[in-house]
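This report concerns only the one structure given below.
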Amino acid sequence: MAFFDYLNTKKNSDLTEQRHQLRQQYRSARRALPPYQQYAQAKKLCALLKRCPEFMHAKSIASYLPNDGEINPSFIHQLAWALGKHVYLPVPTHQKSLRFVPY
3 MAFFDYLNTK
13 KNSDLTEQRH
23 QLRQQYRSAR
33 RALPPYQQYA
43 QAKKLCALLK
53 RCPEFMHAKS
63 IASYLPNDGE
73 INPSFIHQLA
83 WALGKHVYLP
93 VPTHQKSLRF
103 VPY
């Protein structure tokens, strides 16, 4: 059984490394976008959500504050508030989980 445990551990280790590499690639790509493209993509995402029935019917949404080149959800926040929705942000807890608080 130890051999199979080794294989599973190696497989998980390989997957972890692949995820790390993908995250690094996406982070680099985000950082490379000039501000005008970041702005345009944020507007485009908001426009897409306007056509999403799940978003339009939701009473609340979970979101985030952008960091490290992430797409800025401020247009989505503005839309949500204009539609009377509640917006919540994640806050890490001591138990390594998230608690969502009103924004």
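Residue numbers for the sequence shown follow the numbering used here, beginning at 3 and rising by one. From the three backbone atoms N, C-alpha and C, an ideal C-beta is built for every residue, glycine too.
query, result
"So, using beta-carbon positions, are Lys52 and Phe77 closer together than 7 angstroms?", "no"
"With a 10 Å radius around its C-beta and 16 neighbouring C-beta atoms as the bar for buried, classify Cys54 as buried or exposed.", "exposed"
"Three-state secondary structure (DSSP) at Ser15?", "helix"
"Mind listing, in chain order, the continuous beta strand (DSSP E) runs of no fewer than 3 residues lying wholly within the stretch 17-92?", "62-64"
"Below 6 angstroms CB to CB, which residues in the same chain sit around Glu19 once its five sequence neighbours on both sides are set aside?", "none"
"Measure the beta-carbon distance from Ser62 to Tyr105 and round it to whole angstroms, keeping in mind my assumption that it falls under 8 angstroms.", "Their Cβ separation, rounded to whole angstroms, is 11 angstroms, which puts Ser62 and Tyr105 out of contact at 8 angstroms."
"Report yes if the C-beta distance between Cys48 and Leu85 is below 7 angstroms; otherwise report no.", "no"
"How long is the line joining the alpha carbons of Trp83 and Ala64, rounded to whole angstroms?", "12 angstroms"
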